[in-house]
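In case it helps, our numbering puts the sequence shown at residues 69 to 220.
Backbone N, C-alpha and C fix where the C-beta goes; we use that ideal spot for every residue, glycine too.
Only a predicted model underlies this, so the values are computations on that prediction, with no experimental measurement involved.
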Amino acid sequence: MFTRQPLSKEKALTKLAALCAKAEYCIGDMEDKMRLWGLSGDDIKENIAYLIDNKYIDNARYCKAFINDKIAYNHWGRRKIEQALWVKRVPESVFGPILDAVPEEEYIKVLKPLLMSKSATVKADSDYERKMKLMKFALGRGFSVDEIQQCL
69 MFTRQPLSKE KALTKLAALC AKAEYCIGDM EDKMRLWGLS GDDIKENIAY
119 LIDNKYIDNA RYCKAFINDK IAYNHWGRRK IEQALWVKRV PESVFGPILD
169 AVPEEEYIKV LKPLLMSKSA TVKADSDYER KMKLMKFALG RGFSVDEIQQ
219 CL
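In structure tokens form, the structure reads like this:
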């Protein structure tokens with residue numbers, strides 16, 4: 069059976085720098101990769117410090133890109149984005165102000181066409197049932213009740 073050899077601290081740093089040059093990553097993603105590669109806790113901390121000092125990773129920059137992408141391409145609302153960033157262990161002090169800067173109109177601009185397309189595929193016996201199914205769908209996407217009611 070094939071067993072994976074742990075990477076050295078230097079090789080891991082080279083791989084991480086190459087990854088960060090291609091795409092944005094948060095600190096939590098990089099820590100997970102290094103743990104998977106078998107690095108010790110001290111090596112992980114040193115590599116993270118190097119990546120931060122040399123601007124390879126920046127949680128604020130990552131959050132801006134993540135939030136913009138999830139709103140524009142995945143059609144997510146604020147709650148789902150908050151949850152995803154929490155899972156990635158990004159501090160709320162970092163993503164909170166960035167999310168607060170997104171105007172509510174932007175969420176509504178994304179939600180209206182989403183609900184219109186979903187409405188065409190929803191099977192319901194009454195208008196009330198259709199509205200509840202659409203509300204449940206939008207809540208699952210992370211939109212607030214106020215935003216949903218503005219669009220329905």
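Pairwise C-alpha distance: residue j and residue i
i	j	result
Q73	K101	14 Å
D193	S187	13 Å
I149	A133	12 Å
D126	I95	8 Å
E160	N142	21 Å
L87	D97	11 Å
T82	G109	18 Å
K79	N122	17 Å
D111	G210	37 Å
R147	G208	9 Å
D137	L75	32 Å
M200	L84	46 Å
R196	E174	A quick correction: the sequence has Tyr, not Arg, at residue 196. Each residue's Cα considered, the two are about 26 Å apart.
K204	K156	25 Å
A89	R198	46 Å
Pair within 8 Å by beta-carbon distance, residue i and residue j
i	j	result
Y130	Y93	yes
E114	I176	no
I139	V178	yes
C219	K191	no
E99	I116	yes
S212	G145	yes
V162	A128	yes
K77	L107	yes
Boundaries (first-last residue) of the alpha helix (DSSP H) holding residue i
i	result
A206	195-208
A152	146-155
V213	213-219
Beta carbon proximity, residue i to chain B, threshold 8 Å
i	result
K90	The chain inventory of the structure shown lacks chain B, comprising one protein chain alone.
Practice problem: Any chance you could list the alpha helix (DSSP H) runs of at least 4 consecutive residues sitting entirely within the stretch 69-127, in chain order? | Solution: 77-90, 95-104, 109-121
Practice problem: Ignoring anything shorter than 4 residues or poking outside the stretch 160-194, list the alpha helix (DSSP H) runs there in chain order. | Solution: 160-168, 172-189
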